[in-house]
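Notes follow the structure.
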Ligand SMILES: *Cc1c(COP(=O)(O)O)cnc(C)c1O
């Protein structure tokens, strides 16, 4: 018996119910299973249970894990990306949710061209304005979009991402998610482009996010339980930062 089947089915049912409340199709919401700190054994069980799309927040950890995981898995980077890891990132990930500066757009574009990679990117927006969070300010977003449209050929801009402030009450996240959707609508109208993806919602707030239009929910704890501190070789430089 695969232990991940019950939590996976429960998360799928909650996604479907939230989508239905919002008059949306459950199939419009993609589950990005967040496997950070878990080993490739967990990814294998997750694939056996039916999951196919996985999120990691650190390039170094992903570089170790992805080659040991089933080749059918699709990988998304959801954590802050340092420029010096861009070349690795474009080889490992199909989609990068956490593009948070114009400089990073340029670095990723150059890295993708060099690697012959064609990643999708989402721009991360710091909607709440919390100083501890990465992301473009809402004011800086149009400039970053314009830069992307003018310069990016290897990268495909297809969405926006945000994280709500930590809060045990999911309803408190709703205005932040609604704001991201509103920013998306403004960008689409202003630049006459389609920006179909909204990456928002985690274990504590994904149902509210779906009600507000999320197309990608990034869920770890509800699927895999509390995160272990370490699931990688101790020599890995990224391990010192610990789990989120
Ligand atoms: C860890 C993480 C998640 C998943 O968090 P859970 O609360 O375990 O579902 C989602 N998004 C990002 C950016 C993360 O780092």
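Numbering (our numbering), first residue to last: 15 to 258. C-beta atoms are modelled at their ideal positions from N, C-alpha and C, and glycine is treated no differently. A quick note: this is a predicted structure, and the numbers were derived from the prediction, not measured.
query = Is the Cβ of residue 131 closer than 9 Å to any Cβ of chain D?
reply = The question asks about chain D, but that chain is absent: this structure has only one protein chain.
request  = Mark residue 251 as exposed unless 16 or more other C-beta atoms lie within 10 angstroms of its C-beta, in which case mark it buried.
outcome  = Reading the chain shown from its first residue, position 237 is the one you call residue 251. For residue 251, the predicted structure reports a pLDDT of 49, less than 50, and the residue's modelled location is therefore unreliable. The matter cannot be settled from this model.
key: Spatially closest choice to residue 158 from 178, 145, 136, by CA coordinates   = Taking the chain shown and counting its residues from 1, one reaches residue 158 at position 144. Per the Cα distances, 136.
task = Please write down, chain order preserved, every residue whose beta carbon lies under 5 Å from a heavy atom of ligand 3.
result = The model on display carries ligand 1 but not ligand 3.
Top-ranked residue by Cα proximity to residue 200, from 241, 155, 179 = Indexing the chain shown from 1 puts residue 200 at position 186. For the residues 241, 155, 179, the minimum Cα distance to residue 200 belongs to 155.
query = Distance, Cα to Cα, residue 109 vs residue 126?
reply = Indexing the chain shown from 1 puts residue 109 at position 95. Indexing the chain shown from 1 puts residue 126 at position 112. So the two alpha carbons sit approximately 12 Å from each other.
Pair within 9 Å by beta-carbon distance, residue 226 and residue 174 = On the chain shown, residue 226 is found 212 positions in, with the first residue counted as 1. On the chain shown, residue 174 is found 160 positions in, with the first residue counted as 1. Residue 226 is not a Cβ neighbour of residue 174, given a cutoff of 9 Å.
ask   = Residues in its own chain within less than 8 Å of residue 139 by CB, not counting five upstream and five downstream?
value = To locate residue 139, count along the chain shown from 1; it is residue 125. If we look at residue 139 and ignore the five residues flanking it on each side, its Cβ neighbours are 149, 150, 151, 152, 155, 174, 175, 176, 194, 197.
inquiry  = Once DSSP output is grouped into helix, strand and coil, what is the label at residue 185?
reply    = The residue you call residue 185 lines up with position 171 of the chain shown. If DSSP states are grouped into helix, strand and coil, residue 185 belongs with the helices.
request  = Apply the 10 Å Cβ neighbour rule to residue 19 and answer buried if 16 or more other Cβ atoms are within range, or exposed otherwise.
outcome  = In the chain shown, residue 19 corresponds to position 5, counting from 1. It is exposed - the Cβ of residue 19 has fewer than 16 other Cβ atoms within 10 Å.
request  = Please say whether residue 160 and residue 205 have beta carbons closer to each other than 9 Å?
outcome  = Along the chain shown, read from residue 1 onward, the residue named residue 205 stands at position 191. Along the chain shown, read from residue 1 onward, the residue named residue 160 stands at position 146. Remark: C-beta atoms of residue 205 and residue 160 approach each other more closely than 9 Å.
ask   = DSSP state of residue 107, grouped into three classes?
value = The residue given as residue 107 occupies position 93 in the chain shown. Here residue 107 sits in coil by DSSP.
request  = From the DSSP output, in three-state form, read off residue 230 for me.
outcome  = One-based indexing of the chain shown puts residue 230 at position 216. Here residue 230 sits in strand by DSSP.
query = Among the residues of its own chain, which have a CB less than 7 Å from the CB of residue 35, if the five just before and after it don't count?
reply = For the purposes of this step, residue 35 is taken as the residue at position 21 of the chain shown. Setting aside the 5 residues that flank it on each side, residue 35 is surrounded in the same chain by 225, each with a C-beta closer than 7 Å to its C-beta; the list follows chain order.
message = I'd like to confirm the pairing. Which residues does DSSP put opposite residue 88 in its beta bridges?
response = Within the chain shown, numbered from 1, the residue matching residue 88 stands at position 74. DSSP, once it has assigned bridges, lists 67 as partnering residue 88.
query = By the 10 Å Cβ neighbour count, where 16 or more other Cβ atoms means buried, how is residue 230 classified, buried or exposed?
reply = Against the chain shown, residue 230 aligns to sequence position 216. Classification for residue 230: buried.
ask   = Counting Cβ pairs closer than 8 Å, one from the stretch 63-81 and one from the stretch 19-30, do we hit at least three?
value = Of all C-beta pairs linking the stretch 63-81 to the stretch 19-30, three or more are shorter than 8 Å, placing the two stretches in contact.
message = Can you tell me whether residue 207 is helix, strand or coil according to DSSP?
response = Position 193 of the chain shown, counting from 1, holds the residue named residue 207. Per DSSP, reduced to three states, the secondary structure at residue 207 is coil, with no helix or strand assignment.
inquiry  = With distance defined between alpha-carbon atoms, name the residue in 114, 46, 15, 30 nearest to residue 215.
reply    = Residue 215 sits at position 201 when you count from the first residue of the chain shown. Minimum Cα distance to residue 215 is reached at 46.
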